[in-house]
Structure formats: C-alpha cells, structure tokens
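Student: Handing you this structure, nothing more for now.
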Amino acid sequence: LKGTKHHPLVAINEMSKKYGPVYTFWLGNNPTVFIHDLDLAKKAFNTSAFAGRPQIPFIKMFCNSRGTDVLFADYGKSWRCLRNITHSAVRKYATEDRFASVTCELVDDIVGLMLDREGVGQPFSPVNYIQLTLYNIICYSVFGKKYTFNDPEFLRLESITKTMFDFGNRGLIIQFIPISGLLFVPELRQMYKIFRQYKHYMIGQFKRHEKTYEEGLIRDFTDALIAARNEARSQGKESAAYLSNYSLICSLWDLLFAGVDTTQITVQWMLLLMCKYPDVQRKLRQEVEDVIGVREPQPRDINDCHYINAFISETLRFRPVLPFGVPHKTTQKIELDELTLPANTLVVVHQHHIMNDPKLWSKPEVFLPERFLSDNHQYLRVRPPAFIPFSIGQRRCLGEKLALNNLFLIIVRFIQSTSGYDISLPKDVSADDVDLEPNPDTAIQFQYPKPYKIVLNKV
Numbered sequence: 001l002k003g004t005k006h007h008p009l010v011a012i013n014e015m016s017k018k019y020g021p022v023y024t025f026w027l028g029n030n031p032t033v034f035i036h037d038l039d040l041a042k043k044a045f046n047t048s049a050f051a052g053r054p055q056i057p058f059i060k061m062f063c064n065s066r067g068t069d070v071l072f073a074d075y076g077k078s079w080r081c082l083r084n085i086t087h088s089a090v091r092k093y094a095t096e097d098r099f100a101s102v103t104c105e106l107v108d109d110i111v112g113l114m115l116d117r118e119g120v121g122q123p124f125s126p127v128n129y130i131q132l133t134l135y136n137i138i139c140y141s142v143f144g145k146k147y148t149f150n151d152p153e154f155l156r157l158e159s160i161t162k163t164m165f166d167f168g169n170r171g172l173i174i175q176f177i178p179i180s181g182l183l184f185v186p187e188l189r190q191m192y193k194i195f196r197q198y199k200h201y202m203i204g205q206f207k208r209h210e211k212t213y214e215e216g217l218i219r220d221f222t223d224a225l226i227a228a229r230n231e232a233r234s235q236g237k238e239s240a241a242y243l244s245n246y247s248l249i250c251s252l253w254d255l256l257f258a259g260v261d262t263t264q265i266t267v268q269w270m271l272l273l274m275c276k277y278p279d280v281q282r283k284l285r286q287e288v289e290d291v292i293g294v295r296e297p298q299p300r301d302i303n304d305c306h307y308i309n310a311f312i313s314e315t316l317r318f319r320p321v322l323p324f325g326v327p328h329k330t331t332q333k334i335e336l337d338e339l340t341l342p343a344n345t346l347v348v349v350h351q352h353h354i355m356n357d358p359k360l361w362s363k364p365e366v367f368l369p370e371r372f373l374s375d376n377h378q379y380l381r382v383r384p385p386a387f388i389p390f391s392i393g394q395r396r397c398l399g400e401k402l403a404l405n406n407l408f409l410i411i412v413r414f415i416q417s418t419s420g421y422d423i424s425l426p427k428d429v430s431a432d433d434v435d436l437e438p439n440p441d442t443a444i445q446f447q448y449p450k451p452y453k454i455v456l457n458k459v
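Using this note's numbering, the letters of the sequence shown correspond one by one to residues 1 to 459.
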C-alpha cells in the first residue's frame, strides 16, 4: 500500500471498485476480509459470529493468562462480564459535575501554558499541549493523577505511548507475516521493554487504589471498578469469577491507551478545522457565548449546544481516527454476501469509506457541520445510519459517551479560555494551503493530520 502512487486509503478504495464491497486481502498466509458496504457491515457486526478479536502478539504482552481486557479480548463470557462492569463505570463517572470541573481546570492550565511558552502572534504546534491535556484528563479520570510538562512520570508515559505508536506499521507486518519479525529484532526488544514498563505503571496505580480504597467513596474509574468487583463478590454473582485484579487492570489500560490517543487526534483535527474555516470558529464562539457564557460547561449543557455537537460529529465523520476500527474475527463458519468465511477469519470495516461515501452522504469531501442539523438548526439526536466512528454492533466502543463528553468539554472550555484571542493560521499560510489529507505514514491505523501550526492573536 505504501508503494502505490495513491494515498493508502485511496488505494484500498480502488480495490473495492475492482473486487466489490466485500473482498479478501491476503497478508502473508492470513486472509483479511474487507467490508466497504454499510448494510453488510451491520449485518455482520450485529451478530456474535463476527464479535471475536484476533489474538495480537503485542497485546498478549499485557493481556495474558493472568487476565484479559475489554477492547482486545476475544468474544466470550469473561469479555461480557468485564464489558458490562466497565461500561457502567464509564457512564456513571462521565456525567459527574466533578469530572467536568477538573476538565475545565486542566484546559485553563494548558491555555495559560501555551500563552506563557509561545506568546501572542507566534506560530507553534499545538500537538504537545493537546497530548498533555488529554493525558491529564484521562489519567485523572482513571487514577486521580495530574501531571505537569516536566513530570518524570508523564514524560515516561508519553515516551512509552510514542514508541508503541511509532512501531505500529512494523507491528502489523509482523502480525500477518511472523517471519518478518527477524527484520525488527532490536525494535521488538524495545517493545517488550516498553510493555513491561506500562504494565508496572498500571499495576502500581491499581495497588495504590486498593490500599486507599474506602467503601462508598468513588474517586475515579479505578475505584468504580473495585466497587463493582466487591459488589459482585459479596452478592455471590457468577461474574465475580471473571473479575480478577489483573483483568480490572487490563480494562483500565483500555481506557488509558484508547482514551488518550483517539481523543487527542480528534482534537488536533478540530483545531486545524477551526483555523481553516474561520466562519465555523465564529459560529462555535457565538453558541458558547449565547448558551453557556463564562461559567464552566457541564455535561447537561450538551443538549443545548446544537452547533458544537454538529461540529464534533462532522469532525468524527470527516476524519475518523480509526479508518478501519479495531479488527474483528469470526467465531464460527459463516456466510456473508455469498462468501463463506471460516472460523477465525479476520474482518475489518472500512469506516472511513462508509463515512465519506457519496452514495450515503451529500458532498462528503466538504467539511459541513450543518449536515448534522435539522431545518430548524437543532442537532440530529438520531444520527445518520452511516455515522459509525465508534464502530457497529456488539463490539461498539464502550467509551463513546466518555469521548463525546470529553470533546464537548474540551472544545467549549478552550473557546472560553481563548475568548480574547483568535485562533488562526500563521500569516504565511492561507486557508487554501491547508492540506486536510490524513498523514499517509499512519493512515492505515490512525488518521493524524499532517503537521501544522497555529497562532493565538489578540482581538
């Protein structure tokens, strides 16, 4: 794919034009079925026959016989029990005013840091500031931890995550062509070292919570999961057998690993789009001023901020972070679109294609938040069927509500904190110069924007 003259996602779309909406792509000795059609994707992923997960060697470094997680675990009773408990904890904590207040405080801190370090009118990359914000928000939600830029623990976490994501494409090659691992021996050793560090960090945080846990006092997600485990044990529930300490740690790893990077990539796109389309930024600022004013936003404000919701949804549609979602695996022999898929077949849905398909969307190449508004400018509570940034069916992202709340609180507070400023492109960059094509080096796994800079100018 990297050797073609087209962008990798375009090259995959060309395969669909040639081979149809469902086709098999052979990677080494491993067949992967690609689905480009919305109806077929729903038909498949709404059944347990497609609810499995492939066993990825690098994930097994963390999730193993001691315990499993939610995001990468194979389909089964253990997964269902962990998912139900984790989903309940996420939904409960995401709607608390305390969570919103901390998010606002962290965004205020980062805007102040931007102004102190970068100054007014000077171009700078917002990436490190966005990452620090998201690490703080997610780490506080999960562990009650808050970091500064120079905190050794934050720098270690940032380095671990960067190494893991930088290894991504090579990891995919090794996953499908195992013998190719011989080409990446030094990198593999580094990855094993990184996973051990990540594991020790997670275990240490969980043990700290167990020592300080108080019944009835829920400080964060870790406490919420401990409370759920204790309740299951005290009531003799069948699920208690699957709620080992290590399984809870693996589930917390899901929230940290998936929550930070997926959300921070979306925020990167949001800032870039606000700069490229000043009229969109103006409408966002106007709605914040009219609906919320200067007070801290709360989750309950989401229902009243129609344009902001439309902006968030259009960003997720226009540039979904995971163009193919997380791979699925068939749990049994199954028929799909006249194809017979054996058990344990890898299956992926081309989410980016579905959300940019001209058959399903009017002018999908145009960034247009208004497509998520009704004729009377109300946000569409029932979103279009082809809007699937959080996947479909039984393995739909359990952190969807948390992610949407985070994006709402972050963008609203960022707008409030920069009320005396205009967020714009550098003077030597015009809106037409901004390239919205995803970075081709990472686009198969994560749709990062290409590097860009912004400027904060006083108004």
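Where is the CB? At the ideal position from N, CA and C, for every residue including glycine.
By how many angstroms is the C-alpha of I354 removed from the C-alpha of D39?
Tutor: Within the sequence shown, numbered from 1, the residue matching residue 39 stands at position 39. Within the sequence shown, numbered from 1, the residue matching residue 354 stands at position 354. Near 10 angstroms, if we compare the C-alpha coordinates of I354 and D39.
Student: Quick check on the burial criterion: 16 or more other C-beta atoms within 10 angstroms. Buried or exposed for W79?
Tutor: Mapped onto the sequence shown, residue 79 falls at position 79. It counts as buried.
Student: In the DSSP assignment, find the unbroken alpha helix (DSSP H) run with S251 in it and report its ends.
Tutor: As a first step, residue 251 must be located in the sequence shown, where it is residue number 251. Looking at the DSSP string, the run of the alpha helix (DSSP H) that includes S251 is N245 to K276.
Student: Could you please give me the residues that DSSP links to G52 through a beta bridge?
Tutor: Your numbering for residue 52 matches position 52 in the sequence shown. Bridge partners of G52: K329.
Student: Which residue or residues does DSSP assign as beta-bridge partners of Y379?
Tutor: Within the sequence shown, numbered from 1, the residue matching residue 379 stands at position 379. BP columns for Y379 point to L373.
Student: Provide the residue span of the beta strand (DSSP E) that contains S424, from first to last.
Tutor: Within the sequence shown, residue 424 is the residue found at index 424, counting from 1. Element bounds for S424: Y421 to S424.
Student: Given this structure, state the Cα-to-Cα distance separating F195 from R53, to the nearest angstrom.
Tutor: Taking the sequence shown and counting its residues from 1, one reaches residue 195 at position 195. Taking the sequence shown and counting its residues from 1, one reaches residue 53 at position 53. Taking the straight line from one Cα to the other gives about 20 angstroms.
Student: How big is the Cα-Cα spacing for Q55 and Y192?
Tutor: The residue you call residue 55 lines up with position 55 of the sequence shown. The residue you call residue 192 lines up with position 192 of the sequence shown. Approximately 17 angstroms between the Cα atoms of the pair.
Student: Kindly say whether G121, judged by its beta-carbon, lies nearer than 8 angstroms to any beta-carbon of chain C.
Tutor: You won't find chain C in this structure, because it holds only one protein chain.
Student: Given I326, which residues of its chain have a CB within under 8 angstroms of its CB, disregarding the five upstream and five downstream residues?
Tutor: Walking along the sequence shown from the start, residue 326 turns up at place 326. The residue you asked about is not Ile; residue 326 is Val in the sequence shown. Excluding residues within five positions, the ones whose Cβ falls inside 8 angstroms are R53, L71, F72, S391 and R395.
Student: Taking the DSSP output, what are the residues bridged to W26?
Tutor: Stepping through the sequence shown from its first residue, residue 26 is reached at position 26. Note: W26 sits in a beta bridge opposite P31.
Student: Buried or exposed for F149, please, with buried defined as at least 16 other CB atoms from any protein chain shown within 10 angstroms of its CB.
Tutor: Sequence index remark: in the sequence shown, residue 149 carries index 149 (1-based). Exposed is the call here.
Student: Near D37, which residues of its chain fall below 6 angstroms by C-beta distance, leaving aside the five closest residues on each side in sequence?
Tutor: Counting from 1 along the sequence shown, the entry for residue 37 is found at position 37. These residues qualify, in order along the chain: P21.
Student: For Y19, count neighbouring Cβ atoms within 10 angstroms of its own Cβ and tell me buried if that reaches 16, exposed if not.
Tutor: Counting from one through the sequence shown, the residue named residue 19 turns up at place 19. By the 10 Å Cβ count, Y19 comes out exposed.
Student: Which full runs of the alpha helix (DSSP H) of 4+ residues lie inside the region 84-153, going along the chain?
Tutor: 97-118 and 127-143
Student: Are the Cβ atoms of F124 and K427 separated by less than 8 angstroms?
Tutor: Looking up residue 124 in the sequence shown gives position 124. Looking up residue 427 in the sequence shown gives position 427. No, these two residues do not count as a Cβ contact at 8 angstroms.
Student: When you compare each of G112, K77, L256 and D109 to E158 by their alpha carbons, which one comes out closest?
Tutor: Your numbering for residue 158 matches position 158 in the sequence shown. Comparing Cα positions, the closest option is L256.
Student: Going by beta carbon distance, what residues of the same chain come within less than 7 angstroms of W269, once the five residues before and after it are set aside?
Tutor: For the purposes of this step, residue 269 is identified with residue 269 of the sequence shown, where counting begins at 1. Here the set comprises T315, R319 and P449.
Student: With a CB to CB cut of under 7 angstroms and the five nearest residues on each side skipped, what residues in its chain are close to A232?
Tutor: As a first step, residue 232 is located in the sequence shown; it is residue number 232 there, counting from the start. Cβ neighbours of A232 beyond the five flanking positions: S239, A240 and L243.
Student: Between the C-alpha atoms of F324 and Q351, what's the straight-line distance to the nearest angstrom?
Tutor: Translated into the one-based positions of the sequence shown, residue 324 becomes position 324. Translated into the one-based positions of the sequence shown, residue 351 becomes position 351. Near 5 angstroms, if we compare the C-alpha coordinates of Q351 and F324.
Student: Can you give the Cα-Cα distance for V33 and K42, rounded to whole angstroms?
Tutor: Here residue 33 refers to the residue found at position 33 when the sequence shown is read from its first residue. Here residue 42 refers to the residue found at position 42 when the sequence shown is read from its first residue. Rounded to the nearest whole angstrom, the CA to CA distance from V33 to K42 is 15 angstroms.
Student: I need the boundaries of the beta strand (DSSP E) containing V349, first residue and last residue.
Tutor: Within the sequence shown, residue 349 is the residue found at index 349, counting from 1. From DSSP, the beta strand (DSSP E) with V349 extends over L346 to V349.
Student: In terms of residues, what are the limits of the alpha helix (DSSP H) holding K42?
Tutor: As a working mapping, residue 42 is identified with position 42 in the sequence shown. It spans L38 to F45 - the alpha helix (DSSP H) in which K42 sits, taken as one unbroken run.
Student: Less than 8 angstroms between the C-beta atoms of G121 and N457, yes or no?
Tutor: Taking the first residue of the sequence shown as 1, we reach residue 121 at position 121. Taking the first residue of the sequence shown as 1, we reach residue 457 at position 457. In contact: G121 and N457 (Cβ atoms closer than 8 angstroms).
Student: Please classify S313 as buried or exposed, where buried requires at least 16 other C-beta atoms within 10 Å of its C-beta.
Tutor: Taking the first residue of the sequence shown as 1, we reach residue 313 at position 313. By the 10 Å Cβ count, S313 comes out buried.
Student: Which class does K199 belong to by DSSP, given the choice of helix, strand or coil?
Tutor: Locating residue 199 in the sequence shown gives position 199, where the first residue counts as 1. DSSP places K199 in helix when its eight states are reduced to three.
Student: So, helix, strand or coil for T340, using DSSP?
Tutor: Here residue 340 corresponds to residue number 340 of the sequence shown, with the count starting at 1. Strand at T340.
Student: Run through the region 392-452 for me and flag every whole beta strand (DSSP E) of 3 or more residues, listed as ranges in chain order.
Tutor: 421-424
Student: Pick from S88, H7 and V111: whose alpha carbon is nearest that of Q416?
Tutor: Here the question's residue 416 lines up with position 416 in the sequence shown. When each option's Cα is compared against that of Q416, the closest is V111.
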